[in-house]
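Worksheet: the structure to be examined is printed underneath.
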Amino acid sequence: MLQKSLSKKLLTSVLSVYFLLTFVVTCGQVIAEYVNTKDYIRDELTTLQKTFSRSLTRAIWELNTKQTITTAEGLLAIPMIEGIIVRDDSGEIISQLGRSLDIRELYSQQLVQEEAIIEDTPSGLFGYTFPLIFEFSGRATQVGDVTLFSSREVVFSRIMISIYFLIGNAMIKTTFLIILFLMAFRKLLTEPLAQLTEQIEDLELNDLEGQHIEIETSEHNELKVMEESFNKLIDKVVQYRKELEQTQKKLMISNEKLDQQNLQLEQEVARKTSNLSQAMMDLQQQKYELEKQKLTLTEEIDLRRHTEQELLTKQTEMQRYVDELNMAQERLVGSEKMAALGGLVAGITHDINTPVGIGVTATSFLQERLLQIEAAYKDKTLSPKALEEFINDAKQSTSLLTTNLDRASELVASFKQIAVDQASEAVRTINFKEYLGEVIRSLHPKIKHTSHHINLDCPADLTLNLPAGAISQIFTNLIMNSLIHGFDGINNGIIDIAIKDEDDQVIIDFKDNGNGVTEQQLEKLFDPFFTTKRDQGGSGLGTHITFNLVKQTLSGEIEVTSSPGKGLHYHISFPKDMPKPLSIFNN
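In numbering that gives the first Met the number 0, the protein residues as written are 0 to 586.
Here it is in structure tokens:
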């Protein structure tokens, strides 16, 4: 009795392949629909950048947080937008609405410099990030960036009808083919095979002569060929049985002769076996000695392998400790840079308050005089003399406003560019003398309360293409070290900065007439965490950062000479043609 019909197995295999192909094709169509819809949504996100980037850039530049949040809420109201993150130029989040990812894990505190695609994440979100660039005084400045998020749910909601149509179409075609295959297999294969199987089971193996099978089919197909072949096989089996009987008789005669030959061979084998026994005993002894040597070698190899594994473990632990130390150093250096930037913000804020306060006072005075003139005009008591006095007061007030607002604008512009440069390593073209002037002006809040003086000697036409942030950080560190350490206890300190343009090199000589350092301190000056003011909050990273900026970011050289009471002298040189900048954290 058949356990499983061949026709059913064949039908199952065919339908399984068809189901698999139908499933793969349907899945491919769904995936293609998903990818096309997702690409369309990304194109729409790009279009939204062109629509809203200008208003967001203006709002962030003008520090209009309310307008920024309102614009972000308007973007979130668009059906395809699942979330939005808006950051300012310092990497701080101004607005974070809807579903979103941790922007700090994606970009840390750094702003994106160009448009970027956020691929699918386990949460189902994907997005598009673009920078916000504001042009001010002929210079393009990045004021922040925006990240728009969409999700798989949005894509699926758009393609759900297409998915239903594809699945329904596949199910209808599959049902029709199943019915068609069942009918064809029953007529052409199942019923003829059943007849063939039944007749084969009824055959008598002991009496095959004259027995044949017949299949009721009018077609000369594979089953008909099988019927003819099986009938020929039966005829051959009958013939072979007759030949087999004759062969068995001949075999019995041959067996008798073989028995006689076997007896002779056994006697010969017994004689040769006795000679081989002694040789086998000798080989067994040699095998025993070889196994002892192999065991000794195995133990030695295991010992060496164990020792090697211990050494690898120690090496891995040492590498992990080194990596942890490097990470800790990078965090400390980053904190030092942010602390310096924070000090710059505090100082420049105090300096801006003075012109802004004068402007507020002048505005109040002008408003009061305007109210007096308006009252005199309404009462018809306005005299030419009073009008002339008002005009003079108005001229003085507007002049005062213009002067102080220009001063505040210069301070803000200078501070903004210096702050942006210190927070990034972007390469840009600068006039070296003008840029050093901006750096010194940004340090004015630290210098104005002292009697110290800075002399700058630099060619006016020296223009370089280099990482401006590195130059700002170098001179900020050197000047602040002179103010804090070199001029400790000195009232009238002098800093001389001389810049020379020599062929393809820029030479910087930085000198102060401060306290200087001892020979032992000079040897450790560029070491990380070395400071003579640790009890007063010194981190010991200023000169270390300066050394790395000159050596790695500018690909230059730095030397220092000093002696107690004779100040400090830095000699710095770097090429004009800058190679690709490196991170200052690589030691």
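Ideal Cβ placement from N, Cα and C applies to all residues, glycine included. Every value quoted in this text rests on a predicted model; they were computed, and no experiment measured them.
- Beta-bridge analysis with DSSP links His-570 to Asp-508 and Glu-558.
- Between the stretch 491 to 500 and the stretch 458 to 478 there are three or more inter-stretch CB-CB distances shorter than 8 Å, so the stretches are counted as touching.
- Contact check for Asn-491 and Ser-450: beta-carbon distance about 5 Å, within the 8 Å limit, so the pair qualifies.
- In this structure, DSSP gives Asn-480 a helical state, which the three-state scheme calls helix.
- The three-state reading of DSSP puts Asn-274 in helix, counting H, G and I together.
- In the assembly as shown, His-543 is a buried residue. Its beta-carbon has 16 or more other beta-carbons within 10 Å.
- Here the C-alpha atom of Thr-25 lies approximately 14 Å from the C-alpha atom of Val-34.
- Partner residues in the beta bridge of Ala-139, as assigned by DSSP, are Glu-134.
- Around the beta carbon of Ile-171, fewer than 16 other beta carbons sit within 10 angstroms, so the residue counts as exposed.
- Cα atoms of Ala-139 and Leu-381: separation of roughly 50 Å, rounded to the nearest angstrom.
- Counting only the Cα atoms, Trp-60 lies some 10 Å from Leu-131.
- Residue pairing by DSSP places Phe-129 opposite Val-145 in a beta bridge.
- Distances from the alpha-carbon of Leu-62 to those of Glu-43, Val-85 and Asp-119 put Val-85 closest.
- The residues Thr-428, in chain order, have a CB closer than 6 Å to that of Asn-464 in the same chain once the five nearest residues on each side in sequence are set aside.
- In the three-state scheme derived from DSSP, where H, G and I count as helix and E and B as strand, Thr-462 is classed as strand.
- Straight through space, the alpha carbons of Leu-524 and Ile-557 are spaced by roughly 12 Å.
- Ala-393 is positioned such that its CB atom lies closer than 8 Å to that of Leu-365.
- When the beta-carbon positions are compared, Asp-500 and Leu-461 come within less than 8 Å of each other.
- With a 10 Å radius around the Cβ and a threshold of 16 neighbouring Cβ atoms, Leu-482 comes out buried.
- Residue nearest to Glu-221 within the set Leu-187, Glu-200 and Leu-243 is Leu-187 (criterion: CA-CA distance).
- Minimum Cα-Cα distance from Glu-72 among the listed residues Arg-57, Asp-508, Ile-93 and Asp-87 corresponds to Ile-93.
- Here the stretch 141 to 157 makes contact with the stretch 109 to 129; the two share three or more CB pairs at distances below 8 Å.
- Where Lys-523 is concerned, there is no enclosing beta strand (DSSP E), because DSSP gives it neither an H nor an E.
- Runs of the alpha helix (DSSP H) lying entirely within the stretch 73 to 108 and spanning at least 4 residues, in chain order: 102 to 106.
- Spanning the alpha carbons of Val-16 and Phe-180 requires a straight line of approximately 13 Å.
- Residues of the same chain with a CB within less than 7 Å of the CB of Thr-64, apart from the 5 flanking positions on each side, are Ile-93 in chain order.
- Taking Gln-95 as the centre and dropping the five residues before and after it, the same chain places the C-beta of Ile-84 closer than 7 Å to its C-beta, in chain order.
- By the CB criterion at 8 Å, Glu-104 and Gly-123 fall outside the cutoff.
- According to the DSSP assignment, Leu-455 belongs to the beta strand (DSSP E) that extends over 452 to 456.
- Rounded to whole angstroms, the separation of the alpha carbons of Phe-18 and Lys-7 is 16 Å.
- Per the C-alpha coordinates, the member of Ala-76, Thr-397, Gln-277 and Leu-10 positioned closest to Gly-358 is Thr-397.
- Put simply, the backbone Cα of Leu-257 is about 10 Å away from that of Leu-264.
- Between Asn-514 and Asp-487, the C-beta gap is smaller than 8 Å, which places the two residues in contact.
- About 4 Å separates the beta carbons of Ile-571 and Ile-507, which is inside the 8 Å limit, making them a contact pair.
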